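Asks:
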Amino acid sequence: MDIFLSRLFSGMTAGSIYVLIALALVVVFRSSSTINFAQGEFALFTTYVAWWLTERGLNIWVAIPPIIILGFVMGALAERFLIRPVRKRDETAILIVALGLFTGLNGLDGWIWGSDEKVFPAMFPSGEDDYVSVLGARLHYDSILVWVFAAAVVIGLTVLFKRTSLGLEMRAVATNPESASLCGIKVGRILTISWGLSAAIGSLAGVMLVPTIPPGQLNLSSMFQVLIFASAAALLGGLDSVKGAVVGGMVMGIGLAMINGYATFIGGSFSLTFALILIVVVLVVRPTGLYGTRRLERV
Amino acid sequence: MLEPRTEPAQAPARNAKRGPRVIRRGSRPHTAMLGVGAVLALLVILWGGQLDPFNQGQLTRVAIFAIAIAGLNIATGYIGLLSVGHSAFFGLGAYTTGVLVVKYEWDPLMTIPVALVVCLVVGLLVGLPALRIRGLYLAMVTLAFGVAFPEIVAHFDDLTGGAEGMTIRRQQLRPPEWSGFTLGERSQWVYWLCVVVLLIVMWVVHNMVRGRYGMAMIAVRENEIAAASSGINIAVMKTTAFGVSGAVTGVGGSLFAMYIGSLFAEGSFTLLAGITLLIGLVIGGEATRSGPLVGALAVVFVPYYAGELGQGQIAAVLFAVVLIFVIFVAPAGIVGGIAKAVRKVVVVTPRIPRKSEGTQQS
Chain A
1 MDIFLSRLFS GMTAGSIYVL IALALVVVFR SSSTINFAQG EFALFTTYVA WWLTERGLNI
61 WVAIPPIIIL GFVMGALAER FLIRPVRKRD ETAILIVALG LFTGLNGLDG WIWGSDEKVF
121 PAMFPSGEDD YVSVLGARLH YDSILVWVFA AAVVIGLTVL FKRTSLGLEM RAVATNPESA
181 SLCGIKVGRI LTISWGLSAA IGSLAGVMLV PTIPPGQLNL SSMFQVLIFA SAAALLGGLD
241 SVKGAVVGGM VMGIGLAMIN GYATFIGGSF SLTFALILIV VVLVVRPTGL YGTRRLERV
Chain B
300 MLEPRTEPAQ APARNAKRGP RVIRRGSRPH TAMLGVGAVL ALLVILWGGQ LDPFNQGQLT
360 RVAIFAIAIA GLNIATGYIG LLSVGHSAFF GLGAYTTGVL VVKYEWDPLM TIPVALVVCL
420 VVGLLVGLPA LRIRGLYLAM VTLAFGVAFP EIVAHFDDLT GGAEGMTIRR QQLRPPEWSG
480 FTLGERSQWV YWLCVVVLLI VMWVVHNMVR GRYGMAMIAV RENEIAAASS GINIAVMKTT
540 AFGVSGAVTG VGGSLFAMYI GSLFAEGSFT LLAGITLLIG LVIGGEATRS GPLVGALAVV
600 FVPYYAGELG QGQIAAVLFA VVLIFVIFVA PAGIVGGIAK AVRKVVVVTP RIPRKSEGTQ
660 QS
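And the structure:
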């Protein structure tokens with residue numbers, strides 16, 4: 001039982017991170033119908049900045065607000081100056097710009113900070129003894145922290161979408177940019193804000209991700225796997241649904257923890273392949289995911 | 300975008316001053332231009348044949364990447380199935396060769412057709428989801444495929460050597476007797492082999508895209524519904540295109556295994572390699588026949604010269620800048636951009652049809 005619980009806890013912690021990145025993907029997809037492949041690399045960049053700030057003696061908690069703002073600015077600038085000029089052209093052009101950002105940011109991180117692994121400070125005491133015991137399983141403080149943050153972001157986004165006029169405008173743009181524009185909504189501004197918001201969520205996820213997900217150190221490929229898992233999660237839940245991102249992220253996190261824990265006969269870790277198969281199955285069987293809205297296409 | 304007619308490589312300088320001018324395909328000036336181009340290409344190939352091993356190796360890499368990118372071009376350029384994870388096909392081809400040579404002591408040359416078939420089959424399978432999903436979502440599938448590949452290689456470690464990689468012994472890559480190259484001249488042998496395969500691939504792609512099949516591919520890319528209503532079987536087109544695309548890239552991978560001699564899935568065949576292929580294609584020019592070659596030059600030499608400036612990371616930044624610049628300035632890539640510029644100076648029109656003969660290859 002205690003082994004099961006500790007696997008459940010670690011799955012939920014990883015799941016919370018996937019939820020956050022999946023939410024970042026959802027926020028962009030809702031407004032502009034694209035998957036931002038560079039999402040993970042935005043987060044990686046701000047995480048490196050956070051690391052750099054803590055190296056300068058700043059407490060990690062103090063470093064978080066500035067990097068969230070930095071994330072927002074990066075996302076907004078990328079949308080305004082790189083994505084928007086090509087968005088009228090076609091989907092491929094947007095994807096390729098995103099891939100450019102992907103490699104460019106990754107290279108930039110390596111250029112500025114080097115490709116060696118960085119020890120990232122934990123936000124909460126996460127030593128061997130810092131846990132509460134739940135039915136014999138260890139529940140570490142930093143896990144709880146990640147859950148709380150993820151829950152806060154989910155609630156915040158739900159309130160934003162459902163209760164504020166900005167959220168209403170974002171939903172209007174997502175549903176139909178032309179009509180939204182005719183209603184006097186500044187579509188471009190909404191898109192820029194969405195991208196900024198998405199990158200800001202990613203920044204928060206990045207800071208919490210490094211200490212909680214193995215190998216526990218910051219390096220240039222920290223985000224590749226996470227992005228794949230989060231994309232699989234977002235697809236599973238439906239790319240335009242906040243609820244879907246939460247369910248998908250948790251299913252991914254807990255599912256992977258259970259598979260790696262119990263299905264040892266598969267041998268070694270096969271988690272990326274699992275994600276690949278999940279993505280293909282979801283796309284072929286139910287392209288809108290669990291909670292996504294069906295999109296009609298007119299000829 | 301759709302410009303399979305002009306020959307971008309040669310014309311501009313000579314006619315630059317006279318202004319736009321029409322050249323008929325098959326006429327004497329046109330044949331002369333093609334001839335000059337062919338002679339220039341031959342000279343470059345011969346020049347490469349006598350270079351020192353290092354620079355020759357660079358050219359071999361260019362040829363290998365040109366083959367791989369030409370494969371990607373079929374799926375992504377001509378039919379519009381964006382694939383981010385073609386590195387997996389590249390790796391699959393390389394590992395097919397590696398495993399057959401190391402474990403079963405095959406002749407390296409004989410492994411090329413096997414790599415082709417293996418990648419064709421896997422390409423057809425991976426292409427199957429393309430029937431129901433496209434654009435973004437298909438890119439997602441290929442992305443996951445590219446990321447998962449090194450993991451799969453690591454899983455079958457008794458066959459592939461896993462994370463430690465796989466080394467093909469030098470003896471096993473001995474050039475065949477009939478080629479006349481000794482073991483010491485292996486780099487020369489690989490160079491000529493890659494050049495010949497590249498020429499074959501370019502010839503095949505040329506014929507493919509100029510024929511019915513190529514027209515059908517472009518029709519699918521431009522408008523699926525319109526293409527379907529003109530009687531094109533979209534399902535067959537998409538899956539076969541993806542299969543052929545994977546197969547050609549796999550051949551590139553197979554040659555890469557012979558060239559490099561040691562395979563590390565974590566190093567050579569990661570997602571970044573797949574993105575590199577895509578970057579090469581976009582920079583060179585999607586849906587152009589010589590784009591992959593230009594892209595391969597960029598893919599090989601940009602990191603090399605950027606490496607002299609500082610750490611290897613600069614290459615990635617430089618690529619990104621070039622990529623975004625190309626997307627903004629010349630959406631059709633370098634070759635597409637040149638072709639467009641050349642068309643202002645000289646235009647090649649189809650020959651006047653005589654009697655009722657079919658269109659001939661020039």
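Residue numbers (the numbering used here), protein chains in the order written: chain A, 1 to 299; chain B, 300 to 661.
Note that CB positions come from ideal geometry on N, CA and C, so glycine has one too.
Predicted, not measured: the structure shown is a model, and the values here were computed from it.
With three or more C-beta pairs closer than 8 Å as the rule, is the segment 30-37 of chain A touching the segment 152-160 of chain A?
Replies: With a cut-off of 8 Å, the segment 30-37 of chain A and the segment 152-160 of chain A do not count as touching, because too few Cβ pairs lie within range.
Asks: Classify Ala315/B as buried or exposed, calling it buried when 16 or more other Cβ atoms lie within 10 Å of its own Cβ.
Replies: Residue confidence for Ala315/B is low, a pLDDT of 48 falling below 50, so the modelled location carries little weight; the figure read from the coordinates is stated next. Per the 10 Å Cβ criterion, exposed.
Asks: Any contact between the segment 586-593 of chain B and the segment 83-100 of chain A? By contact I mean 3 or more CB pairs, one from each, below 8 Å.
Replies: Flag = no, the segment 586-593 of chain B and the segment 83-100 of chain A do not touch.
Asks: Provide the residue span of the beta strand (DSSP E) that contains Ala137/A, from first to last.
Replies: 137-140 is the extent of the beta strand (DSSP E) around Ala137/A.
Asks: Interface residues of chain B around Leu272/A at Cβ under 8 Å?
Replies: Those are Ala443, Val446, Ala447, Glu450, listed as they occur along chain B.
Asks: Between Thr466/B and the rest of its own chain, which residues show a CB-CB distance below 6 Å, the 5 nearest in sequence each way excluded?
Replies: Cβ neighbours of Thr466/B beyond the five flanking positions: Ser561.
Asks: From Ser528/B to Ala172/A, what distance separates their C-alpha atoms?
Replies: Approximately 34 Å, taken between the alpha carbons.
Asks: Below 8 Å on C-beta distance, what does Arg89/A contact in chain B?
Replies: Within 8 Å Cβ-Cβ: Pro630.
Asks: By the 10 Å Cβ neighbour count, where 16 or more other Cβ atoms means buried, how is Gly339/B classified, buried or exposed?
Replies: The sequence shown places Leu at residue 339/B, not Gly. Flag for Leu339/B reads exposed.
Asks: Return the chain-ordered list of same chain residues with a C-beta closer than 8 Å to the C-beta of Val496/B, the five sequence neighbours on each side being excluded.
Replies: So the list reads Ala362, Ile366, Ile411, Val550, Leu554, once near-sequence residues are dropped.
Asks: So, is the C-beta of Arg431/B closer than 9 Å to a C-beta in chain A?
Replies: Yes, Arg431/B counts as interfacial toward chain A.
Asks: Determine the closest residue to Arg431/B out of Val284/A, Gly104/A, Tyr291/A, with distance taken between C-alpha atoms.
Replies: Comparing Cα-Cα distances from Arg431/B to each of Val284/A, Gly104/A, Tyr291/A, the minimum goes to Val284/A.
Asks: Do Val519/B and Ala526/B count as a contact pair if the criterion is CB distance below 9 Å?
Replies: Their beta carbons are under 9 Å apart, which means Ala526/B touches Val519/B by this criterion.
Asks: Taking its Cβ as the centre, do 16 or more other Cβ atoms sit within 10 Å of Thr342/A, making it buried, or is it exposed?
Replies: Outside the displayed range of chain A (1 to 299) lies residue 342/A, so it cannot be described from this structure.
Asks: Can you give, in chain order, each stretch of the alpha helix (DSSP H) that sits fully within the segment 149-199 of chain A and has at least 4 residues?
Replies: Counting whole runs of 4 or more residues, the segment 149-199 of chain A contains the alpha helix (DSSP H) stretches 165-175, 177-182.
Asks: Got a sec? Which residues, its chain only, sit under 7 Å from Arg7/A by beta carbon, not counting five neighbours each side?
Replies: Hits under 7 Å: Ala257, Met258, Gly261.
Asks: Does Val383/B come out as helix, strand or coil in the three-state DSSP assignment?
Replies: Reduced to three states, the DSSP call for Val383/B is coil.
Asks: If distances are taken between C-alpha atoms only, which option among Pro428/B, Leu415/B, Gly636/B, Glu523/B comes closest to Gly552/B?
Replies: The shortest C-alpha separation from Gly552/B is found at Leu415/B.
Asks: Cβ atoms of Phe364/B and Ala546/B: under 9 Å apart, would you say?
Replies: It is not a contact, given that the beta carbons lie outside the stated cut-off.
Asks: Does Gln349/B come out as helix, strand or coil in the three-state DSSP assignment?
Replies: Three-state DSSP puts Gln349/B in coil, outside helix and strand.
Asks: Who are the neighbours of Gly434/B on chain A, taking C-beta pairs under 7 Å?
Replies: By Cβ distance, chain A contributes Glu91.
Asks: Cα separation between Ala310/B and Gly434/B?
Replies: Caution applies to Ala310/B, whose pLDDT of 48 falls short of 50 and renders its modelled position unreliable; the model cannot decide the point.
Asks: Report all residues from its chain with a CB closer than 8 Å to the CB of Val242/A; omit the five preceding and five following residues, and keep chain order.
Replies: Taken in chain order, the residues that qualify are Leu23, Val26, Val154, Leu157, Thr158, Phe161.
Asks: Grab me the residues of Phe618/B's own chain with a C-beta within less than 7 Å of its C-beta, minus the 5 sequence neighbours each way, in chain order.
Replies: Ile578, Val601.
Asks: Per DSSP, which one or two residues make a beta bridge with Arg320/B?
Replies: Val645/B.
Asks: Can you pull the chain A neighbours of Ala614/B, defined as C-beta to C-beta under 8 Å?
Replies: The contacting residues are Gly107.
Asks: Within 9 Å (strictly less), CB to CB, does Gly379/B reach chain A?
Replies: Yes, its Cβ sits closer than 9 Å to a Cβ of chain A.
Asks: My parser needs the alpha helix (DSSP H) runs of 4 or more residues fully inside the segment 366-452 of chain B; what are they?
Replies: You should have 386-403, 407-426.
Asks: Where does Ser661/B land, buried or exposed, given buried means 16+ other C-beta within 10 angstroms?
Replies: The predicted position of Ser661/B is uncertain, since its pLDDT is 45 and thus under 50; a value taken from the coordinates is nonetheless stated next. Under this definition Ser661/B is an exposed residue.
Asks: Three or more beta-carbon pairs under 8 Å between the segment 133-140 of chain A and the segment 94-112 of chain A, yes or no?
Replies: No: fewer than three Cβ pairs fall under 8 Å.
Asks: Does any CB atom of chain A fall closer than 9 Å to the CB of Phe618/B?
Replies: Output row for Phe618/B: interface = yes.
Asks: Considering only their Cβ atoms, is the gap separating Phe120/A from Trp51/A smaller than 9 Å?
Replies: Going by C-beta atoms, Trp51/A is nearer than 9 Å to Phe120/A.
Asks: Which runs of the beta strand (DSSP E) at least 3 residues long sit entirely within the segment 549-601 of chain B? Give them in chain order.
Replies: Correct list: empty.
Asks: With H, G and I counted as helix, E and B as strand and the rest as coil, what does DSSP make of Thr466/B?
Replies: Correct three-state label for Thr466/B: strand.
Asks: Are the CB atoms of Val413/B and Thr441/B within a distance shorter than 9 Å?
Replies: Going by C-beta atoms, Thr441/B is not nearer than 9 Å to Val413/B.
Asks: Looking at the C-beta of Leu570/B, does it have a partner C-beta in chain A at a distance below 9 Å?
Replies: At least one chain A Cβ lies under 9 Å of Leu570/B.
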